[in-house]
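Throughout the sequence shown, residue numbering follows mature numbering (1 follows the signal peptide of the UniProt record, and there is no 0), covering -19 to -1, 1 to 303 in sequence.
Think of the CB as a built atom: it goes at the ideal place given N, C-alpha and C, for glycine as much as any other residue.
Each remark here refers to the structure printed beneath this line.
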Amino acid sequence: MKRISIITALVAAVLSSCAKEQTPAACSAPNVKLNVSIPVSEMTRITDTGDEAAVDHAQVFVFREDGKIDAWTISDSRDMIIDCTAGLREVVAIVNAPRISNIFDMEDLEKEITVLQDNRPGSLVMFGRKSVELKASSSVFVPVERLVARVSIESIVPDFSLEQYRNADFRITGIYLTNVVGDISFIGTSEPSIWYNKMHDDVLGIDLIKTGDMSVQLANGTAYQTVHHFYCYPNPTVEDSFSVDWCQRHTRLVVETELAGRTCYYTMTMPAIESNHIYTVKELRITRPGSSDPELPVLPGDASFTIEVEDWEDGYSGSFEI
């Protein structure tokens, strides 16, 4: 009798421990299979480069109501099946990012960040989440968005008004972004801690934000129409700055040129950059020599350009002219 009483007490202790350490759903919720599909928004316009919606691999996390992890998987497909438990669940999908480990609850995932180097052409980091009530095996779509923004320039035209510049040697020597944010959290908001190309082109900068050395000679009135795309993380800076001392400031698109042997910069300041948006300079028309510093903005008398802002989901567009 004494032995039976001890066993009974141990069973009761285990059940009590389960009730204290886990939610009721975790102890008693039935197992279900969740079929997860990850659609990626694609623009139907010609502005989509074609590989910006590619899914190389995806990680999916399923969290319970108390924020604890319920299930996790990684797959090289945008469709997968996960074994989890029934109940109200938060499904988080992270696409094309390095493998994330040691996630025990939502707070752990909220601390994770991605750096700009995690992205590469044809494999852009994306994120999405969706709440779902699981009562039985079912399917769920978790749409994801790119964490990067795309900055593009489509045409550069030297159109000098002064005769001495019309006949001078003019060539494009490089195109790049400056003041680029290099890190962002997957969930919520985070203050940038990494910046690339601070106020000028850094020789060690990453390929996503620069062309590298160029030498494209153009006659006056001849358009250079090779489209260049650059990718950067969102820049939340509200107040811009042109201080000679570094501080957070807007991201800029710089066209570096050489005019009659002199280096000239044509700098275009972007609006506050958001994830999953496209910022396109349709044409940069150059009428006078540019500035001697890539951080100085283009003056109206030097060049004109328009920036169109589009959203990868619904094609929203807006523009302003300087």
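- CA-to-CA, the gap between R230 and A200 works out to about 35 angstroms.
- Collapsing the DSSP output to three states places R45 in coil.
- Under DSSP, the beta-bridge partners assigned to H209 are I134.
- Annotation for L69: no alpha helix (DSSP H) segment contains it, though the beta strand (DSSP E) segment containing it runs 68 to 76.
- Comparing C-alpha distances from S256 to each of A130, I175, I165, S273 shows the shortest one belongs to A130.
- Here the alpha carbon of V225 sits roughly 12 angstroms from the alpha carbon of P275.
- Under DSSP, the beta-bridge partners assigned to L234 are L158, M249.
- By the Cβ test, the segment 139 to 149 is not in contact with the segment 74 to 84, since fewer than three Cβ pairs between them sit closer than 8 angstroms.
- The Cβ neighbour count for T238, taken over all protein chains shown within 10 Å, is at least 16; the residue is labelled buried.
- In this structure, the CA atom of I175 is about 30 angstroms from the CA atom of S196.
- In the three-state scheme derived from DSSP, where H, G and I count as helix and E and B as strand, Q229 is classed as coil.
- Look at I81 here: in three-state DSSP terms it is coil, with no helix or strand label.
- Taking a contact to require three or more Cβ pairs closer than 8 angstroms, the segment 147 to 161 and the segment 102 to 114 do not qualify as touching.
- When the beta-carbon positions are compared, P11 and A67 come within less than 8 angstroms of each other.
- The beta carbons of N16 and S136 sit about 46 angstroms from each other, so the pair does not count as a contact at 8 angstroms.
- Counted as a single uninterrupted DSSP element, the alpha helix (DSSP H) harbouring E88 occupies residues 87 to 91.
- Boundaries of the alpha helix (DSSP H) around Y146: 144 to 147.
- With 16 or more neighbouring CB atoms inside 10 Å of its own CB, D182 falls in the buried class.
- When DSSP states are grouped into helix, strand and coil, L240 belongs to the strand group.
- Between C213 and T232 the beta-carbon gap is near 6 angstroms, inside 8 angstroms, which marks them as a contact.
- Just so you know, the alpha carbons of T54 and V13 end up roughly 15 angstroms apart.
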